[in-house]
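Chains as they are written, first to last, in this note's numbering: chain A, 2 to 53; chain B, 3 to 481. What follows is one structure encoded as structure tokens, with my remarks underneath.
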């Protein structure tokens, strides 16, 4: 019923789906090494906490 | 006097002069005219004609190995006046910082200082027909941000000084005269060989020879002539062709700022900013200038809308300022100093030769990770200033803070500033020319132009090139 193959297939399809939003969030709110604490980048805009 | 070697016989060329200057761009032309003023005889050799010709331009072809660059025969011009025939005209002197030693960048310094070139600033400005550039103005002392001015020159050296060459009693300018060899006895250059496009050659003698052929060609021809002379022309220790540099310059993105971008000498309103020495040393970076260029009101509205979507609170602030017509949208550009490194170099091609049988050029050039860090640190510091003072926000393109990769789009990234290759240094181990631009290995061979720059700062090089030529003329009048 829940074979090893199905389990592996679920890993293949579902894990990336679960991670995608957090990866997207990371991209939207990346923090380049040079940026100081309290500052971040969202969709290219270099912002600080309180801007959003 | 002007002589076209394609039309004139070999016997009509001068056989001897005090000086033989090769190249009639800003470096060579300035030098020849200044030596003329001192009453010295000059043979000025120009490889091209009075106007652009395809035969001549073709000799500027070459291969680029490394980063994206524009074709080398499009990046420079080979006729009377040289590349000033299509330059942008920005004039600004190098800063003191550019000349000084920096602990983290061991090869980025000059053996002379800014004060050695300052006496020639006013005269150089006059040669370029611009006002002497103003000193930087401090915008924010805490953040060490200054505004610098540029003077915009419209001088095309070929057009502007052609008549002066023609009427000079001391200068014989020979066009279509391509340098194809230098004869040396191992200590002094004895003669230069010039060849026209029909293949006729002439031998020209002078007391002193000066190569002023451009930021790539100086290296190429010195390498070739050195090869012909079995290595007796240039000190074998000298890093000939090495430490070649450009000023990487890119559109980084856009910004919304709460100040008006002033009208400038440039064609559109723009603000040019750089950082003080103290900031550069603290951040361990080389020079980086940030330029804000005003964009249209439609573009500003687009930026406001985008900011409001991404960051509603600051978007509200920006929109309220926009209502008062205070906020301004700007294109954000940067041009910065590339670290001089051994691996960036000019090389003679092993496979390709030009019509005179001289190896064509290979330019090996890449921007390093440290070059990218200079840009990232500069932009981050400017952003810190905008945020701390609440003066605006930046929208940077994704690549700016990526680990590698630059956008490839036309000539974005290219400043057409060719520096290094025959760098100035205190010893032959570190450079090709000494602090008087004399080639290590010869008593009477000199180099003019930006190929002698050991570091490039962030200033457009032409004003410095002219200053160096005036200084060289002052030196040569006493030798």
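All residues carry an ideal CB built from backbone N, CA and C; glycine is no exception. Since the model is a prediction, treat every value here as computed from it, not as a measurement.
Test item: CB-CB of residue i and residue j under 7 Å
| i | j | result |
| --- | --- | --- |
| residue 342 of chain B | residue 247 of chain B | yes |
| residue 177 of chain B | residue 6 of chain B | yes |
| residue 332 of chain B | residue 295 of chain B | yes |
| residue 47 of chain B | residue 12 of chain B | no |
| residue 252 of chain B | residue 415 of chain B | yes |
| residue 430 of chain B | residue 214 of chain B | no |
| residue 458 of chain B | residue 421 of chain B | yes |
| residue 33 of chain B | residue 450 of chain B | yes |
| residue 376 of chain B | residue 288 of chain B | yes |
| residue 349 of chain B | residue 371 of chain B | no |
| residue 114 of chain B | residue 437 of chain B | yes |
| residue 145 of chain B | residue 31 of chain B | no |
| residue 154 of chain B | residue 84 of chain B | no |
| residue 210 of chain B | residue 446 of chain B | yes |
| residue 423 of chain B | residue 237 of chain B | no |
| residue 221 of chain B | residue 106 of chain B | no |
| residue 193 of chain B | residue 207 of chain B | yes |
| residue 16 of chain B | residue 174 of chain B | yes |
| residue 261 of chain B | residue 57 of chain B | no |
| residue 380 of chain B | residue 259 of chain B | no |
| residue 244 of chain B | residue 344 of chain B | yes |
Opening and closing residue of the beta strand (DSSP E) in which residue i lies
| i | result |
| --- | --- |
| residue 190 of chain B | It is not in any beta strand (DSSP E) - residue 190 of chain B carries neither H nor E in the DSSP assignment. |
| residue 333 of chain B | 330-338 |
| residue 395 of chain B | 394-398 |
| residue 47 of chain A | 46-49 |
| residue 489 of chain B | With chain B covering only 3 through 481, there is no way to say anything about residue 489 of chain B. |
| residue 41 of chain A | 40-43 |
| residue 292 of chain B | 290-296 |
| residue 5 of chain B | 4-6 |
Selection from the options that minimises the alpha carbon distance to residue i
| i | options | result |
| --- | --- | --- |
| residue 128 of chain B | B/478, B/468, B/475 and B/477 | B/468 |
| residue 161 of chain B | B/51, B/183, B/244 and B/22 | B/51 |
| residue 230 of chain B | B/361, B/452, B/454 and B/450 | B/361 |
| residue 358 of chain B | B/373, B/166 and B/226 | B/226 |
| residue 131 of chain B | B/476, B/481, B/465 and B/380 | B/465 |
| residue 412 of chain B | B/71, B/17 and B/349 | B/71 |
| residue 264 of chain B | B/199, B/218 and B/151 | B/151 |
| residue 43 of chain B | B/53, B/122, B/22 and B/58 | B/22 |
| residue 453 of chain B | B/319, B/460, B/98 and B/224 | B/224 |
| residue 404 of chain B | B/424, B/378 and B/393 | B/378 |
| residue 291 of chain B | B/307, B/300, B/154 and B/335 | B/335 |
| residue 250 of chain B | B/418, B/58 and B/199 | B/418 |
| residue 27 of chain B | B/118, B/476 and B/463 | B/463 |
| residue 308 of chain B | B/257, B/261 and B/293 | B/257 |
| residue 337 of chain B | B/330, B/293, B/313 and B/58 | B/293 |
| residue 116 of chain B | B/475, B/274, B/461 and B/480 | B/461 |
| residue 275 of chain B | B/385, B/320 and B/304 | B/385 |
| residue 310 of chain B | B/433, B/397, B/197 and B/136 | B/397 |
| residue 156 of chain B | B/186, B/317, B/441 and B/86 | B/86 |
| residue 165 of chain B | B/3, B/313 and B/392 | B/3 |
| residue 190 of chain B | B/18, B/77 and B/441 | B/441 |
Which residues DSSP lists as bridging residue i, in chain order
| i | result |
| --- | --- |
| residue 361 of chain B | B/355 |
| residue 45 of chain B | B/22 and B/174 |
| residue 195 of chain B | B/183 and B/205 |
| residue 210 of chain B | B/21 |
| residue 114 of chain B | In DSSP, residue 114 of chain B forms no bridge with anything. |
| residue 64 of chain B | B/363 |
| residue 153 of chain B | B/93 |
| residue 426 of chain B | B/435 |
| residue 343 of chain B | In DSSP, residue 343 of chain B forms no bridge with anything. |
| residue 107 of chain B | B/104 |
| residue 147 of chain B | B/142 and B/277 |
| residue 247 of chain B | B/421 |
Range of the contiguous alpha helix (DSSP H) that encloses residue i
| i | result |
| --- | --- |
| residue 52 of chain B | Residue 52 of chain B -> no alpha helix (DSSP H), and no H or E assigned at all. |
| residue 257 of chain B | Premise fails: residue 257 of chain B lies in the beta strand (DSSP E), 251-259, not in any alpha helix (DSSP H). |
| residue 444 of chain B | From DSSP, residue 444 of chain B is part of no alpha helix (DSSP H); its letter is neither H nor E. |
| residue 482 of chain B | There is no way to answer for residue 482 of chain B, as the model of chain B reaches only from 3 to 481. |
| residue 465 of chain B | 464-478 |
| residue 418 of chain B | From DSSP, residue 418 of chain B is part of no alpha helix (DSSP H); its letter is neither H nor E. |
| residue 384 of chain B | 371-390 |
| residue 301 of chain B | 299-312 |
Min CB distance residue i to chain E below 7 Å
| i | result |
| --- | --- |
| residue 395 of chain B | Among the protein chains in the structure shown, which are A and B, there is no chain E. |
Give, in chain order, every residue of the stretch 276-303 of chain B whose Cβ lies closer than 7 Å to some Cβ of chain A. Within the stretch 276-303 of chain B, no residue has a Cβ that lies closer than 7 Å to any Cβ of chain A.
Listed in chain order, which residues of the stretch 305-327 of chain B have Cβ atoms closer than 7 Å to some Cβ of chain A? Taking a C-beta cut-off of 7 Å against chain A, the contacting residues of the stretch 305-327 of chain B are 309, 312, 313, 314, 315 and 316, listed in chain order.
Below 8 Å between beta carbons is the criterion; list the residues of the stretch 35-46 of chain A that meet it against any residue of chain B, in chain order. 35, 36, 37, 40, 42, 43, 44, 45 and 46: these are the residues of the stretch 35-46 of chain A whose beta carbon lies less than 8 Å from some beta carbon of chain B, given in chain order.
Under 8 Å (Cβ pairs) to chain A, residues found in the stretch 397-416 of chain B: The residues in question are 397, 398, 399, 400 and 403.
May I ask you to list, following chain order, the residues of the stretch 356-388 of chain B that have a beta carbon less than 9 Å from some beta carbon of chain A? Going along the stretch 356-388 of chain B in chain order, one finds 375, 378, 379, 381, 382, 383, 385, 386 and 388 with a Cβ nearer than 9 Å to chain A.
Contact residues within the stretch 245-272 of chain B, judged by C-beta distance below 8 Å to chain A: If the cut-off is 8 Å between Cβ atoms, the stretch 245-272 of chain B has 255 near chain A.
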